[in-house]
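Scroll down for the structure; my scribbles are underneath it.
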Amino acid sequence: MIFLLSIAIGSLFAGAIFLMLRRSVIKLILGLILLAHGAHLLMFTMGDGGVRRGAPPIVDYETGAVAPGTADPLVQALILTAIVISFGITAFIIALAYRATQAVKSDDLDDMATTDRL
Amino acid sequence: MSPLFEMLMNGLLALTAISLAMTTGRLLLGPSIPDRAMAFDLVMIHTVALIALYAIIVDQNLLVDAVLVVAVLGFLGTVALARYIEKGGN
Amino acid sequence: MLTLNFFLAITWMTLQQSFTFSDFLVGFLLGFGIITLSQRAIREQVVETVRLQRKQDIGQYPQRVWKLLSFTNFAFWSILKANIDVARILLRPRLNINPGIIAIPLDVRSEIGITVLSNLITLTPGTVSMDVSADRSTLYVHCIDIQDPDALRDDIKQNFERRVLELFP
Amino acid sequence: MLLSMVLFAFATSPLGLLARREPRALVGWGLALLPFALFVVLCTQIPTVVGGPPIVETLSWVPALGLELRFSLDGLSLLFGLIITGIGTLIVGYAGAYMEKDIGLGRFLVYMFLFMGAMLGVVLAGNVLTMFVFWELTSVTSYLLIGYKHDYPDARRGAQHSLLVTGFGGLALLVGLLMLGAAAQQVGVPADQAYNFDTMLAAGSQIAQTSLYGPAMAFVFLGAFTKSAQFPFHFWLPGAMQAPTPASAFLHSATMVKAGVYLLARMAPGFGDTPIWNYTLVAVGGFTFAFGAFVAFRQYDIKALLAYTTLSQLGGLVLMIGLGGKYGAEALVTLILAHALYKSALFMTAGIIDHETGTRDLNRLGELRRLMPRTMVIVGIALLSQMGIPIMLGFVAKEWALKAALESNLAAPWPMVGLAAIMVAAICYIIAAWRFFKNAFLGTAHPDVLQRNVHDPKLAMLISPAIPALLSILLPFALPLVSTFLSPAASAVYGQSFTFDLYLYGGINQALLLSLGAIVIGGALATQERRLASQRIIASISGAQLFDRLIEGMLAVATGMTRQIQSGRLRTYVLYTVLAFFVFVGIPFIFYGLGDVRTIQNDTFYFYEVVVIGLIPVGVIATITARSRLGAIIAVSMVGAMMALVFVLFSAADLALTQLLIEVLSTVFLLFLFSVMPARFRNFSPTWVRWRDAVIAVCFGVLMSGLVLASVSTTLFQPLAPYYLEQSVPGGKGANVVNVILVDFRSLDTLGEIVVLFVAVLAIFGLLRFRKQRNDVRPSGRTLQTILPGEAGFLTGNAAHEGDSSTPVGKAKENMP
Amino acid sequence: MANHLFLPLISPMLASALALLFARDKTRMVARVIVLASIIFNLIYSIWLLWVVGNEGIQVTQGAGWEAPFGVTLVADGASALMLCVATLLMLVTVSYSFASLDPGYENFFYYPLLLLLLLGVSGAFLTGDIFNLYVWFEILLLASFGLMTLGGSRPQLEGGLKYVVLNLFGSTAFLVACGLIYGTVGSLNMAHVAERMSSVTNPGIVTVIACLFFFAYGGKAAILPLFFWLPTSYHTPPVAVTAIFSGLLTKVGAYSLYRVLGLVLQDELIRLAPFVLAVAGLTMVVGVFGAMAQMNVRRILSFHIISQIGYSLMGLGLASAIGLAAGLLFTAHVMIVKTALFFIGGAAEQVYGTGDLKKMGGIARREPLLSIFWFLGILSLAGIPPMSGFFGKLALLQAGINQGALLISVVAAFTGILTFFSMLKIWNEVFWKKSYGDMSKLPRVTPGLLWPGAILVIISFALGIGAGGLVDYSQMAGAQLFDRAAYISSVCGSNGCEAVVDLALR
Amino acid sequence: MSKTVNYDSIVLRTVSRLMMPLLLLLSVFMLIRGHNLPGGGFIGGLVASSAIIMQMIAFGPTYARDVIRVNYLTLASIGILIAVVWSMPALFFGMPFMAAFWMSAPIPGVGTMGTPVAFDVGVFLTVIAVTTKIALLLSEEPDLFPLDMEDDEEPEAGAPRV
Amino acid sequence: MTILETITFILCLMGVFFMLLSSFGLLRLPDVYTRGHSAGKAGTIGVIGVLLGVGLYHADPLATAKMLALIVFFLLTSPVAAQIIERAAFVTEVEMLENDAPNDLKGRYDEHGNLR
Ligand code: NA
Ligand code: NA
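Chains as they are written, first to last, in the UniProt record's numbering: chain Y, 1 to 118; chain X, 1 to 90; chain S, 1 to 169; chain L, 1 to 817; chain W, 1 to 507; chain P, 1 to 162; chain G, 1 to 116.
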């Protein structure tokens, strides 16, 4: 399963990079979203014992008993944090890309190269 | 849970997965944006169904509430898409 | 509004899967808070429905419950039939369909009524609602296989709209 | 006492500002009391130093770096200290009169005092790092002095050259000194003493054995040669003549340029006997000696002429250190004294001529014997000393220099090299001196000059050059006294205590004959000075131009490189970043990580899992290949949904929900704003670029997959997860362990996370609602551009970019929450 | 338990939320007072912390009371305390410069809360002892910086900001991936625990790769050689105060993280990678300063210098020794102060002229002598001329390098100094010494509010130079702490180490 | 390309209105049960803002702004303040920041209360406020510009000709 | 296999069948409007079937009630989703299958998207 997941992760990163190498603002944003997906999925595979089926990290409320083979809760909490953070940042980038497009009057990133001119 | 039931349910899950893949085919092919949007709606419905079936297999009632949220979001996403297809011009 | 509040309280208990008094109380309080917050959204609709209901007598409460049940029954079978129809069309080796859009004049006026009708139409054989005109007088329906438009129109008006009208003005 | 002297020099430097007031000539001489006080204090130390060991004072500064404020006074320091303070006194007084009409005199004197303090620090330092501190300060203060007239481009250029060259040398010196310190520590000198001159020099012979010694010396030489304007670093010195004459006279004759010489002399006892040392110094010093003198007599500008003789003279000093031996040391200290006296007198008189006639051009000058007779006398005496005419101090010094070469212990060709250099220089000096004297004082002047009512300056100005000039002729009559005074200095250079006796006439010997021979040849050639000066015997090497070329070249490289790297195109930046990722991570992965990749996991999988996971790459491909904006957005959302499904299938319900919620909300946000952008993607890139990018992207993906496979969790260590699971209910009072981690175990993360959201909304609010025309608001609306009539308009600048005609500020305020 | 370590985090959090409530024209002063109070509190605290750490050693507290390595640990050692102190000082000065220089409009759009949140992120990054928590603080400071970078919405800001954001996000993602991989490999995120487990990891190969990944991620934040593009493209676009505080803080947090994670946690890998790190350091110095030489705009020159100076910080890391880290810390602290000062002073000149273009400026030396003096002292400090603080940073680095036999990098570092000086002199020549083209008498004068923030920092740089003994001792203490894994581990997890805690808890 | 679009879809409006209170209820439910089952402040908050955003889509932003009349920025800072303030009591008892305090007995209908729950409420409010405010801000932006961009590629088969 | 399991299976089977049908239709049908039939009807009924199965399986009346609520939700939203997509398709002039059937909606939208 890890092998399959690693391929999925690789594809997410590859797609992200390809999109970020394009000139369109929207592709750039989509690339960033995929990049975040890749990182989150990668973290997910890093849980204790890889990934586990049907064993959510929820314990018995009364006794606190833990079923054997329960999935790693820590990595899930970390990813949750990371997902929310990337959400905030994605929202900001969307707004920024919008404003940049508005100011430059083009959605071509190559038109946004003036600040580096010598 | 009897082994036969588990096997059958696994089979159903597999079928649903195939169905999901077919839906994705439309999402890939398009050709128009509303086609893709419609496919997306159906993807979300498949997601709901997959989760529901999976909840039976792993015997987890707790996933049922997840289904609720997924359903809401599927609707929201589709509506947003449809709205902006109209607004933004295809 | 009170009904809505009760309804929310009961929904809350359903969600919690626990029907105790304290759950009801919490649900009721939450419902109250939510209604207070989203008053504007809800009120218009409630007021409109009530107004139209008064205008057009749609029967007493027990009757309406009965009508609701029979409507559900009808809807269920229609939907099942619709799906089997779709299946038949789809699984035929050659697609032999004649799709088109027809306009259906509406008697239903309330938003809820129109919504229920249009949803019902979508879920039933060979038709999908597309839009309602701004003055709520016409419903446009896409049909997958039109043989006789007028018959179709009649069918919808007689079978669906009539039943919906019995429940919602 | 030493510490307080240096501190006194720095602390009193602001007093220079007093000279902003009239009458400046008087104030100048008043302020000259400050260096004079130091001079007197140093004089009181003469008996102590002549008699006994050096005076040492230490103040702890940065012990951890081996840097302490350690001062020590021995004969060499004393010689330099007296020159600095003595000539300093004269210069300050001279400056008051010379710059009588310049309101900037105050600033100038502050710089002078600061410089003087720095210079004192250099010569009094007993720790190499302490010395370096003051060394750098001399560079900086001299920069300010050279650039004093900074409205003129030449002044700025000269100042910049001087600072760059000496600053470069300073850094080299620092490296060299640190290497010596490191070498000293290697040979067992304790770290806290490794940078003291005495301990370092005492370990000199051992240090010379270490591998660090060679490079260290190379860097130290760089430092010393740049400071003392040795070939090929000489070019900054003529450029530095842009400084006001008092500064030139002080810095470029008597003091700063000698710092390099001082350093070499200071180090000679420790390292003086190594081949690297001797041969380098003889070669460089000798060449500079001859070269400077040769170039000097062809100058038209008096100050340039003096500058070249100065750098020649500095070469001579270096040569003396290189020749080594007792005679070398004796010749060195004598030359230093003689040169300081006559050269400061010459510079100051050059200033007087410039001041009175308005020019320093020898072609325009003349007749001054008539107009400025007193000045002529002073110049004459000083020039005689420079020429090494008998009974002048310069003559004695030259004699000793010849002796040093003749008696040198160096291997075969080197003493002859030194001798040749001395002879060439001696001959050229005579030509140069005659050229100066003849063209300035004899013959006829340009009419423009005569119009200016030229006359001798008043005493306040004339006294300053007069004193050193007189000393040049008087001191030879007190040679025993001079010898007593110079012996400790020579001892410090030689490394052993000894005394010597200078004399005017020690019988007919090789040195005397050579000296007289040089005078004769020089005199003969001097009659032909005009012809010699116009001969293009060697193409004039303009080091300054070369240096400018070097800088221009470097700038061109820098500009080209920067333009290339900083192209402004984001995709190029991303490309570089990804390539950097391959270098930073990919290559190490191939070397170190491949072995950890476990390709085959013993793991069953279900069909539906394969489909769900497999749909992720499918969605990615759909995103890439989508030709319309919405199509791509939908495809990405689909990928997000599949991610959520993966989370569900592998026991992460919370994650799945969050993922899905956020996916849909992000999609909605995207839709909100990009519904009105062009619907279809344009085909910007050519096919080969797409393929290139595709290959890069796939490599990246493969690399990430490899990283996953190589580091996926194994049972290397005890996992922490069980702790959270077990403690969740008893400790966290909750059954959903993920949420308990979020709100309890790692609640700090969560707090940070909502702060991220909080920041996001503030940032987005400002971004969307606040629009200004310009970056910065100035207190008033005026800018240079609005005021300048048009000049600025030619030049491209930031202003051109700011064509954003968005909402003015007023509207933004309406949108306040 | 040093619970007080939370105070510098709580204070800006509360203050920014409160200041937001008062971000209106009428209550502007209330918001300002809240912001100032918070920063001054933090400054006093961090100075106190400097003292406490100096006297009592490493301070530790556990978030939410869960013992390390299970909870989130906050740790203050010499390096953290020093960085915290400098960062807070810079923030205070920046806020006061902003009061004097910024249009009130900025205030209504939460400029000050964003500054506070930037400080929060930076402080958190300095204090945390957990790798993932570091990521969270990083994102806070990053997002706050995004907001500040683009606040004002001029076209250059938006263009530069977009690149700044995207490239930084790439780095953040690498950071997150590295967090994941380290958790997957070592099974913990607590720095002390990871450091402890690192010493017994059986497959060091992948750990080396992960160390490289961290180098890439933090290197991007610190703007090292091939990862710096985001900096010069954007730093000159926002208001001066923003550029100044960015120059002081952002890349330095990256450098600090490199020190913390590579220097402490992945120390063995650092030693293995040292030649590579040094090579990158040298190239960063040179390329950065070449970039600066090519520029003709005050802030762009200074921006490229940031890169060059990061090379020095990196050199301290690459020396892979306590002394090297100490020297690097000293240099970094110095450059934070001076760089910010130069941005303020150059910015004041820029505000007077309305342009930062060297070709258009001139004549300030005569018109604003005080400003000129402080600028000159500032560039002396930057170029490492004694007795300004810069000299000691450079001296410490070169000494450490030469004593360790890293001659090449030391020589490069030394000679980069002269190029630095050269390009700074360019500003001095063109802006200050050159005659003004126009009639300057009509231009506004530099107000004290614009002058003093930079001047005070320059004075501090001077004072640090004069009192360098104490500073160097402190930095060496900090460097020793930073390089001493055993002491760090026992401070965080007790004398038996983290593994013992885990064994006990899971027995 | 951009045109003024009639947002009025009766069915959509009706369904959105019906769902609004239900979704808000659901969001509180997700918040409260989060401590024991999937959910929590984030998920709850996101569900609530989804509800509001749905109104926004159905009716347009002007209406959505009025659906719930709160200043979302203020709400966000209140959320942060709640989260921080409820994490502080521990400091006064000599315990680290955010250390949990729990009530001894559960409140009927809600569950055991403690500072982590209060903290989660802070999270909940912040998430609602932030997400909704961002959506409002973005949706209120004017259309970018009618870009006259020529397609330099062939349209896909069957693609609409707009 | 218990009876409960059997019922669950049958309901789920039905659901899955319709899901399959819907995706098949999505692929097979010629234009976006006809595909809407497949997605709007079969998708809805399919998911409802599955949900019914799940609701019954846990044999908990309250869980079943929750499922019923969810089913109502789907009945309410799913057709709406289908129809607004179709409307969007029509408004943006996505091509219809060419035939001789009536098209009453043609030309009824004004330039602001208002339907007369
Ligand atoms: Na979290
Ligand atoms: Na950064």
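From the three backbone atoms N, C-alpha and C, an ideal C-beta is built for every residue, glycine too.
query: Classification of L/N683 by the beta-carbon crowding that lies within 10 angstroms, buried from 16 upward; result: exposed
query: Of the listed residues P/V28, P/R17, P/A118, P/L137, nearest to P/G79 (C-alpha basis); result: P/A118
query: Same chain, Cβ closer than 7 Å to S/R163, neighbours up to 5 away in sequence not counted; result: F71, F74
query: Cβ-based neighbour list, S/L52, same chain, cut-off 7 Å, excluding 5 preceding and 5 following; result: R109, S110, P169
query: Segment limits, alpha helix (DSSP H) that includes Y/T101; result: 73-104
query: L/F71 (DSSP reduced to helix, strand or coil); result: strand
query: Which of helix, strand or coil DSSP assigns to W/T61; result: strand
query: Counterpart residues of G/L26 in DSSP-defined beta bridges; result: G/L26 pairs with nothing; no bridge assigned.
query: As assigned by DSSP and simplified to three states, the class of L/R771; result: strand
query: S/Q60 burial status per 10 Å Cβ neighbour count (16 or more: buried); result: exposed
query: For S/V128, three-class secondary structure by DSSP; result: strand
query: Residue span of the alpha helix (DSSP H) that contains L/Y573, given as start and end; result: 570-581
query: G/R108 at chain X interface by Cβ criterion, 9 Å; result: no
query: Residue range of the unbroken alpha helix (DSSP H) whose run includes W/E499; result: 498-505
query: Buried/exposed call for L/A159, threshold 16 Cβ in 10 Å; result: buried
query: Cβ-based neighbour list, Y/A65, same chain, cut-off 8 Å, excluding 5 preceding and 5 following; result: V59
query: Amino acids of chain L, ordered along the chain, whose beta-carbon sits closer than 8 Å to that of X/L20; result: V611, V612, L615
query: Same chain only: Cβ atoms within 7 Å of W/L14, ignoring 5 sequence neighbours per side; result: none
query: Short-range partners of chain Y found in the segment 126-146 of chain W, where Cβ spacing is below 7 Å; result: F132, V136, E139, L143, F146
query: Interface flag, L/I565 vs chain P, CB-CB below 9 Å; result: no
query: Between the CA atoms of Y/M20 and W/F229 - distance to the nearest angstrom; result: 15 Å
query: Per-residue contacts from P/E140 into chain Y (C-beta, under 7 Å); result: Near P/E140 there are no residues of chain Y at all, since even the closest Cβ is about 12 Å away, more than 7 Å.
query: Sub-9 Å separation of G/L4 and G/L56 beta-carbons; result: yes
query: Test item: CB-CB of L/L2 and L/I46 under 9 Å; result: no
query: Beta-bridge partners of L/V56, as assigned by DSSP; result: L/S72
query: Beta-carbon neighbours of P/L12, restricted to chain G and to distances below 7 Å; result: V80, I84
query: C-beta contact flag for L/V493 and L/V333 at 9 Å; result: yes
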